[in-house]
Structure formats: structure tokens, C-alpha cells
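Visitor: Numbering of the sequence shown is given in my numbering, commencing with residue 2 and proceeding in unit increments.
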Amino acid sequence: MKTNTGISKLAKQNHKKALSLAFAAIIAGAGMITSCKKEDSMPTPSTAVQEVNTTSALEVTSTTTAATTSSTSDFRIDLGSTASAGNYNKASIGVSSPVALKDFVTGATTGVKIATTAAFKGAYNNSTTYPSALGIPQAVASDLYYNGSGATSALELSGLNTATAYNLSFFSSRMDYNGSLETQFKVIGATTQTVVLEAANNTSKIVTVSGIKPNSSGKILIQVSKGSKNSNSSGNYWLNYLRVTGTTTTSTDPAPAPAPAPAPAPVPDPTPAPAPAPAPAPTANYTVSNYTDLVAALSKATSGQVVYITDNV
Numbered sequence: 002m003k004t005n006t007g008i009s010k011l012a013k014q015n016h017k018k019a020l021s022l023a024f025a026a027i028i029a030g031a032g033m034i035t036s037c038k039k040e041d042s043m044p045t046p047s048t049a050v051q052e053v054n055t056t057s058a059l060e061v062t063s064t065t066t067a068a069t070t071s072s073t074s075d076f077r078i079d080l081g082s083t084a085s086a087g088n089y090n091k092a093s094i095g096v097s098s099p100v101a102l103k104d105f106v107t108g109a110t111t112g113v114k115i116a117t118t119a120a121f122k123g124a125y126n127n128s129t130t131y132p133s134a135l136g137i138p139q140a141v142a143s144d145l146y147y148n149g150s151g152a153t154s155a156l157e158l159s160g161l162n163t164a165t166a167y168n169l170s171f172f173s174s175r176m177d178y179n180g181s182l183e184t185q186f187k188v189i190g191a192t193t194q195t196v197v198l199e200a201a202n203n204t205s206k207i208v209t210v211s212g213i214k215p216n217s218s219g220k221i222l223i224q225v226s227k228g229s230k231n232s233n234s235s236g237n238y239w240l241n242y243l244r245v246t247g248t249t250t251t252s253t254d255p256a257p258a259p260a261p262a263p264a265p266a267p268v269p270d271p272t273p274a275p276a277p278a279p280a281p282a283p284t285a286n287y288t289v290s291n292y293t294d295l296v297a298a299l300s301k302a303t304s305g306q307v308v309y310i311t312d313n314v
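1. I need the DSSP call for Q194, collapsed to helix, strand or coil.
2. Mapping the DSSP letters down to three states, classify L102 as helix, strand or coil.
3. Does the beta-carbon of D177 have 16 or more other beta-carbons within 10 angstroms, so that it is buried, or is it exposed?
4. What residue from A164, L182, S218 has the CA that sits closest to T251's CA?
5. What whole-angstrom Cβ distance do A200 and S226 have, given they're in contact under 8 Å?
6. Helix, strand or coil for T311 per DSSP?
7. Using C-beta distances below 7 Å, list every residue in its chain close to P99, excluding the 5 sequence neighbours before and after it, in chain order.
8. Helix, strand or coil for I217, going by three-state DSSP, please let me know.
9. What did DSSP end up calling V61 once you bin it into helix, strand or coil?
10. Take T56 and list the residues in its own chain whose beta-carbon comes closer than 6 Å to its own, dropping the five residues that flank it on each side.
11. Any idea if S142 is buried or exposed, counting beta-carbon neighbours within 10 angstroms, 16 or more meaning buried?
12. For a test of the three-state rule: what should DSSP assign to Q306, helix, strand or coil?
13. Leaving aside the five residues before and after L222 along the sequence, list all residues of the same chain whose C-beta is less than 7 Å from its C-beta, in chain order.
14. If you reduce the DSSP assignment to three classes, tell me which class A140 lands in.
15. Are the beta-carbon atoms belonging to T209 and N168 less than 8 Å from one another?
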């Protein structure tokens with residue numbers, strides 16, 4: 002083989018890499034020549050993939066409750082011929098048209114009205130001084146309406162809230178009487194309740210119908226008559242004072258809860274992916290960096306050996 006002639010010819014043609022391969026072929030077919038540039042030793046980095054932090058919208062459960070308001074009505078009605086001061090209302094002895102009632106606490110005229118739908122026979126005034134513990138002014142407690150002879154008198158309340166349960170309290174008193182003047186009060190609304198009160202010489206007792214709702218028209222009818230124990234020869238019965246109270250509760254639905262805020266846009270992770278580590282240089286028996294060393298290495302290399310050629314050759 003004319004090895005030197007081949008190398009000289011290749012050098013003149015400036016084909017250094019081709020020369021390396023030619024000499025590789027000369028070495029008993031099993032030799033190995035490796036040409037490695039700088040970029041060959043560094044694998045091409047793959048495109049960095051950045052992780053992104055994705056924040057999803059928080060699921061917010063808002064619990065709201067209905068707002069509740071309450072209002073209390075307090076109507077105080079005097080029956081009798083004497084005028085009443087303050088916020089007491091007056092009922093008529095005879096049949097009358099409905100009259101608006103004032104609220105005792107606020108003094109405001111309301112939509113609740115009272116009417117006498119079945120007349121009383123007469124009025125009367127007691128001379129007794131009533132105790133303050135009764136909670137009724139003297140002018141209100143001392144005068145009264147009465148009826149008898151088997152007749153029934155009646156009062157009607159209208160303009161009431163159909164959802165409200167009312168309490169009706171009655172006071173009857175006829176002083177200086179020997180016998181029973183039991184008086185019956187029949188209260189008719191959505192339901193019916195009946196109570197009785199002994200009016201003879203009464204200075205301390207009040208009877209109450211509790212928790213009665215109006216009928217569907219917002220009305221409550223009060224029928225007054227003698228009680229079963231009444232011993233008066235004319236069957237006279239008495240009514241001095243009526244009080245009507247009720248508490249109305251109103252619920253207001255809350256405003257709907259606002260919709261949850263949309264999820265924010267994904268935020269890229271500012272930290273780039275690390276560059277891959279360089280590939281290790283191949284294992285070589287000879288490493289050459291110039292033409293002269295290459296020729297020398299090829300002359301020494303035996304079958305199976307590796308000559309590593311750098312970029313300088």
C-alpha cells in the first residue's frame with residue numbers, strides 16, 4: 002500500500018477529513034476513526050418547556066338569610082259617654098260606619114277600623130275609683146256601654162293583617178250590684194273563641210282572647226251578650242274597655258349572591274428549563290489536533306483502535 006503517496010495527495014487537495022477516513026480504511030478494516038467538532042459533542046438542546054401555574058376560580062358558597070322585621074299594633078278602645086284623652090279611641094253606642102283607629106304607642110292613624118254593627122242599649126258611669134294596678138285610666142274604666150233583654154251587641158274590626166294573630170282583652174265593671182252580671186265575649190275571625198267575665202263589682206280582672214287571626218277579609222267580629230251565670234232580671238251585660246294588640250312579622254328575601262370571579266389567566270413560570278448536560282467525549286486511543294499528529298497516529302494504530310480527530314485537523 003502507498004500510504005504516504007495517498008496522504009500527500011489528499012493534503013494537497015486540502016481534504017483533511019477525507020484523509021482521516023482514508024487512513025481508517027487502511028487499518029485492517031476494524032480500526033475506528035472518529036471526527037468530532039465542538040458542536041458534535043453538544044447535543045442540540047430541545048426547546049425548553051416552561052411549566053405554567055394555573056389558578057382556578059375558587060368555588061365560593063355564600064349563605065344569606067332573609068331579613069326579618071316586626072311591627073306591633075296596639076289599639077285601645079274606650080266604650081262609654083265620657084271623652085277619652087290621649088291615643089284612646091272611642092266606639093259608638095249605636096250602629097256606625099267604620100272609624101279609623103289610632104295606634105296607642107305612635108298616635109298614628111292606621112288602616113285598622115272599628116264599627117258598631119249591633120247597637121248597645123245605653124251608657125253608664127261608675128263612681129268608683131279604680132286601682133292603678135289595673136293599668137286603665139279612671140276615665141276609661143269608669144264609663145261603659147250596656148245592653149240586655151236577650152239582645153246581642155256587636156263590634157267589628159276591619160283592615161287587619163290576615164297573617165297576624167291578635168290578642169283581644171276585655172274589661173267590664175258595674176259597681177254596687179248584688180248578683181251576677183256575667184258578660185260573654187264571642188270573638189269570630191279565622192277561628193272562634195269565647196270568654197266570659199264577671200262584671201259585678203270588678204276592679205281587677207281582665208279576660209283575653211289570644212292568638213286569633215282575622216278572616217280572609219281581614220275582619221274580626223266581637224259579639225257581646227250575657228253569660229250563662231248572669232242573674233240580672235233584664236239580662237244586662239257590660240263593656241267598659243277593649244284592647245287589641247298584634248305583632249306582624251315580615252320577611253324580605255335577600256339579594257342573590259354575586260357570581261364568582263372568573264379564573265385568572267395562567268401565569269408563566271419565569272424560571273427557564275435547565276440546559277442538558279454535554280455528551281461525554283468518546284474514548285480514543287489517539288487524539289490528534291493537526292495533520293502531522295494524524296499521520297503519526299495512523300501509522301501506529303492497530304486493528305480495533307480509535308483515533309479521535311479534533312476540529313483543528
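C-beta: ideal position from N, C-alpha, C; glycine also. Small disclaimer: the values here were computed from a predicted structure and weren't measured.
Guide: This is what the structure holds:
1. Note: Q194 maps to strand in three-state DSSP.
2. L102 sits in a strand when the DSSP states are folded into three classes.
3. D177 comes out exposed.
4. Considering only A164, L182, S218, the residue with the shortest C-alpha distance to T251 is A164.
5. A Cβ-Cβ separation of about 12 Å leaves A200 out of contact with S226 under the 8 Å criterion.
6. The answer is coil: DSSP assigns T311 none of H, G, I, E or B.
7. Counting only Cβ-Cβ distances below 7 Å, and skipping sequence neighbours, we find K114, I115, A116, S159.
8. Per the sequence shown, the amino acid found at residue 217 is Ser instead of Ile. Coil, per DSSP.
9. Bear in mind that the predicted position of V61 carries a pLDDT of just 44, short of 50, making it unreliable; the figure below should be weighed with that in mind. Note: V61 maps to coil in three-state DSSP.
10. Because T56 sits at a pLDDT of 43, beneath the cut-off of 50, its placement in the model cannot be relied upon, and the following sentence gives the value as read from the coordinates. These residues qualify, in order along the chain: P265.
11. Rather than Ser, the amino acid found at residue 142 in this sequence is Ala. With a threshold of 16 other beta carbon atoms within 10 Å, A142 meets it and is buried.
12. Q306: coil per DSSP, three-state reduction.
13. A155, E157, I189, listed in sequence order.
14. Correct three-state label for A140: helix.
15. For T209 and N168, yes; Cβs fall inside 8 Å.
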